[in-house]
Amino acid sequence: MTVPSTLPDGPWQGLFRHALTLIEEIRKHGTSSPFWTFGGGTVLMLRHGHRVSKDVDIFVPDPQYLGYVNPRISDAASDITPNYEEHAGFVKLMLPDGEIDFVVSRNLTSPGYDEWMLMDRVVKVETSAEIVAKKMWHRGDRPTARDLFDLCLVIEREPESLMDAGAFLVRHRDTFLRLLNEHRAFVQPRFDDIRTLGYTPSFDYCVELADAFLRKLPGGTPEPKSRRR
Numbered sequence: 001m002t003v004p005s006t007l008p009d010g011p012w013q014g015l016f017r018h019a020l021t022l023i024e025e026i027r028k029h030g031t032s033s034p035f036w037t038f039g040g041g042t043v044l045m046l047r048h049g050h051r052v053s054k055d056v057d058i059f060v061p062d063p064q065y066l067g068y069v070n071p072r073i074s075d076a077a078s079d080i081t082p083n084y085e086e087h088a089g090f091v092k093l094m095l096p097d098g099e100i101d102f103v104v105s106r107n108l109t110s111p112g113y114d115e116w117m118l119m120d121r122v123v124k125v126e127t128s129a130e131i132v133a134k135k136m137w138h139r140g141d142r143p144t145a146r147d148l149f150d151l152c153l154v155i156e157r158e159p160e161s162l163m164d165a166g167a168f169l170v171r172h173r174d175t176f177l178r179l180l181n182e183h184r185a186f187v188q189p190r191f192d193d194i195r196t197l198g199y200t201p202s203f204d205y206c207v208e209l210a211d212a213f214l215r216k217l218p219g220g221t222p223e224p225k226s227r228r229r
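The sequence shown stops at residue 229 when you use UniProt numbering, and every number in between is there.
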């Protein structure tokens, strides 16, 4: 899928510029050609205009990349913000306009991205199916309102692509669906608070749609691809 003809202005732009600055740090001090992808809910917003999303999620294959984007270690990162969280698999930078997450996660689907021209450079932008696959594979046992919202958007807008990624959606399928019902009192108010744009489904509709789609997927849990592209 090509880059949309127009992209919305918003906080994501400044955050993405900061992310590019840190990727340049990886290139200068780490590896000369770092592999990375731009994913998460903000990419779905850019592609489908479904809800307001401002945070920037950058996915990298190698945990060593995180040292170059960590304000505790990197002067370039600390110049951007002194506020951050770090764990073995990610670094979260917290700025007034939003957050930048650098997450260690290889692509699950192949290739899992389209190439867009963003801010005068070619960027590997994750496909909608890859974004949902990552959400469901890595945290499907902890369903959030936004993850349900994003899942249902892609079920409606790109069902064939999502079906092709179905093997990565079933790992936590039963837990995902069960917790949406058990934790309804917690999840539904947060779902209703989502700042929607061009997509306005109800919570009940999304739960039913997710249930119908996920239950028709064949079972089985594949190993994530370990290759680097």
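Don't be surprised by glycine CBs; every beta carbon is placed ideally from N, CA and C.
Taking the CA atoms as reference points, F186 sits about 45 angstroms from S32.
Around the beta-carbon of V122, fewer than 16 other beta-carbon atoms lie within 10 Å, marking it exposed. Going by DSSP, F59 is part of no alpha helix (DSSP H) but of the beta strand (DSSP E) stretching over V56 to V60. Residue ranges of uninterrupted alpha helix (DSSP H) with 4 or more members, entirely inside the stretch 27-111 and ordered along the chain, are 41-48 and 75-80. Taking 7 angstroms as the cut-off, the Cβ atoms of L108 and F168 count as close. Put simply, of L180, L214, T175 and F176 the residue whose alpha carbon is nearest the alpha carbon of A165 is L214.
In the same chain as P11, and ignoring 5 residues on each side of it, the C-beta atoms closer than 6 angstroms to its own belong to K54, D97 and G98, in chain order. Note on P71: 16 or more other CB atoms within 10 angstroms of its CB, so buried under the neighbour-count rule. According to the DSSP assignment, D141 belongs to no alpha helix (DSSP H), since it is labelled neither H nor E.
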